[in-house]
Amino acid sequence: MIATRLHPDKQTAAQAIAREIADLIEIRSKSGKSTVLGLATGSTPLELYAELIRLHREAGVSFRSVITFNLDEYEGLGPTHPQSYRFFMEENLFRHLDIPAANIHIPDGLANDPAKNCADYEAAIRDAGGIDLQILGIGRTGHIGFNEPPSAADSRTRRVHLDEVTRRDNSVFFGDLDQVPHGALTMGVATILEARRIELIAFGEAKAEIVRRAMKEAPSPSCPATWLQQHPGCTFHLDTAAAKAL
Ligand code: F6R
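In structure tokens form, the structure reads like this:
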């Protein structure tokens, strides 16, 4: 079952989730353990990342023991491309923290052998001990990561074709639809479901209908976010606009 948590605004949601992450890092590092975070890009987690940076600067939270795995990357975009997710993460989070560069993992959009890159990614997650806490946004197609419909519950990290709705939604960042890649590498649904905790964030009225479907429709490949209903520790963090159709 999916738990819901209603927040008055983005800032309050960001503070609650950032606190949870900081507490998890503190508890685990006290017993010498690293913390493995699964991270998302897009507009949704920006306030959360700003809050994590604030906690690092003002409250001394250290990310030295943190290992990260991002959900996805556009095919064909390298780390210096301003719209690549690698670039996004460096700008909006990593370069402001003390996380070691070797602990950061993002699928390689320029991989010569994408299938091998995806298999290596799965192995790296396993070797790190699995994901302790996964941050998710949700796309209007029902995608989590870039698992567009149809995506099976047992799908793994792989190369995918982006839905035209997603390309159009994301064209605001590129300025031009033609510039939006058609493909991506994404963690699979099964990869995401193996995370020990999942915190999905959705804000605004444009997400209300897909949030309703994700929570109320029977789990199926046609709305990949419905698979989250089968996770024992998944919370949807919503503002009132995104919760409107529930
Ligand atoms: C991003 C990702 C996507 C986004 C989703 C919502 O790494 O995997 O699933 O979370 O497309 O995007 P925004 O936050 O821009 O509405």
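Residues in the sequence shown are numbered consecutively from 1345, following the numbering used here.
Glycine included, each C-beta is placed from N, C-alpha and C at the ideal position.
Owing to the predicted nature of the structure, the values given are computational and were not obtained by experimental measurement.
Residue 1572 and residue 1578 have their C-alpha atoms roughly 7 angstroms apart.
Taking a 10 Å sphere around the C-beta of residue 1574, we find fewer than 16 other C-beta atoms and assign the residue as exposed. Counted as a single uninterrupted DSSP element, the beta strand (DSSP E) harbouring residue 1414 occupies residues 1410 to 1414. Nearest neighbour of residue 1415 by Cα position, chosen from 1356, 1428, 1405 and 1550, turns out to be 1428.
Restricting attention to 1423, 1440 and 1586, the CA atom closest to the CA of residue 1399 is found in 1440. In this structure, residue 1396 keeps its C-beta atom at 8 angstroms or more from the C-beta atom of residue 1477.
Taking 7 angstroms as the cut-off, one finds at least one heavy atom of the ligand F6R near enough to the beta carbon of residue 1415. Collapsing the DSSP output to three states places residue 1528 in a strand. For the region 1371 to 1453, the full-length beta strand (DSSP E) segments reaching 3 residues or more read 1379 to 1383, 1410 to 1414 and 1416 to 1418 along the chain. The residues 1483 and 1484, in chain order, have a CB closer than 8 angstroms to that of residue 1513 in the same chain once the five nearest residues on each side in sequence are set aside.
For the options 1378, 1529, 1348 and 1555, the alpha carbon positioned closest to that of residue 1447 is the one of 1378.
Residue pairing by DSSP places residue 1516 in no beta bridge whatsoever. CA-CA distance, residue 1359 to residue 1381, rounds to 17 angstroms. If you check the CB distance, residue 1431 and residue 1424 come in under 8 angstroms. Nearest in C-alpha terms to residue 1435, of all of 1455, 1444 and 1393, is 1393.
Around the Cβ of residue 1375, a 10 Å sphere holds fewer than 16 other Cβ atoms; the residue is exposed. Setting aside the 5 residues that flank it on each side, residue 1515 is surrounded in the same chain by 1521 and 1524, each with a C-beta closer than 7 angstroms to its C-beta; the list follows chain order. For residue 1399, the shortest separation between its Cβ and any heavy atom of the ligand F6R does not lie below 7 angstroms. Nearest Cα to residue 1580 within the set 1563, 1562 and 1551: 1551.
The beta carbon of residue 1487 sits closer than 7 angstroms to at least one heavy atom of the ligand F6R. Around the Cβ of residue 1584, a 10 Å sphere holds fewer than 16 other Cβ atoms; the residue is exposed.
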